[in-house]
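*Asks:*
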């Protein structure tokens with residue numbers, strides 16, 4: 002089964018080195034090709050250049066942050082169809098409520114991601130979402 006996913010590139014965007022290594026190793030050991038990025042600008046440049054099949058994106062990135070980077074992905078014609086899994090220390094319900102308030106305040110809706118996971122991550126849950134997204138895109 003591992004070889005089945007080898008051609009699938011997953012871009013892992015996480016500024017915490019230990020978490021980035023964990024995510025990359027988890028995905029690599031399950032047959033995915035992983036690329037790591039630590040900052041929004043680096044991540045966007047890599048995504049445009051390599052066109053990953055899936056993006057794993059930490060919400061709490063430095064500078065512009067993960068949500069603004071997510072918007073950039075959705076606004077880019079080359080990247081708008083790439084599935085994104087958001088990861089955050091904040092639970093999904095609280096995150097969605099906060100985003101709804103931000104949408105009202107700024108008048109710009111944040112699109113729904115294809116997946117959302119709360120830290121600390123469960124390895125099996127992440128793999129399940131990634132496998133599902135791969136099958137849907139195949």
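Residue numbers (the working numbering): 2 to 139. Each residue gets a CB set at the ideal place from its N, CA and C atoms; glycine is no exception.
(1) When you compare only the Cα positions, how much space is there between residue 52 and residue 61?
(2) What separation, rounded to the nearest whole angstrom, lies between the Cα atoms of residue 1 and residue 112?
(3) What did DSSP end up calling residue 82 once you bin it into helix, strand or coil?
(4) Can you grab the Cα-Cα spacing for the pair residue 56 / residue 30, in whole Å?
(5) In the DSSP assignment, what are the bridge partners of residue 117?
(6) DSSP on residue 64, reduced to helix/strand/coil?
(7) If distances are taken between C-alpha atoms only, which option among 130, 136, 33 and 46 comes closest to residue 86?
*Replies:* A quick look at the data gives this:
(1) Stepping through the chain shown from its first residue, residue 52 is reached at position 51. Stepping through the chain shown from its first residue, residue 61 is reached at position 60. Taking the straight line joining both Cα atoms gives about 22 Å.
(2) Within the shown structure, residues of the chain are numbered from 2 to 139, placing residue 1 beyond reach of any answer.
(3) Residue numbering aside, residue 82 sits at position 81 when the chain shown is read from its first letter. DSSP places residue 82 in coil when its eight states are reduced to three.
(4) Along the chain shown, one-based indexing puts residue 56 at 55. Along the chain shown, one-based indexing puts residue 30 at 29. Roughly 17 Å separates the two Cα atoms.
(5) The residue given as residue 117 occupies position 116 in the chain shown. Partner(s): 87.
(6) In the chain shown, residue 64 corresponds to position 63, counting from 1. Coil.
(7) Walking along the chain shown from the start, residue 86 turns up at place 85. Comparing Cα positions, the closest option is 130.
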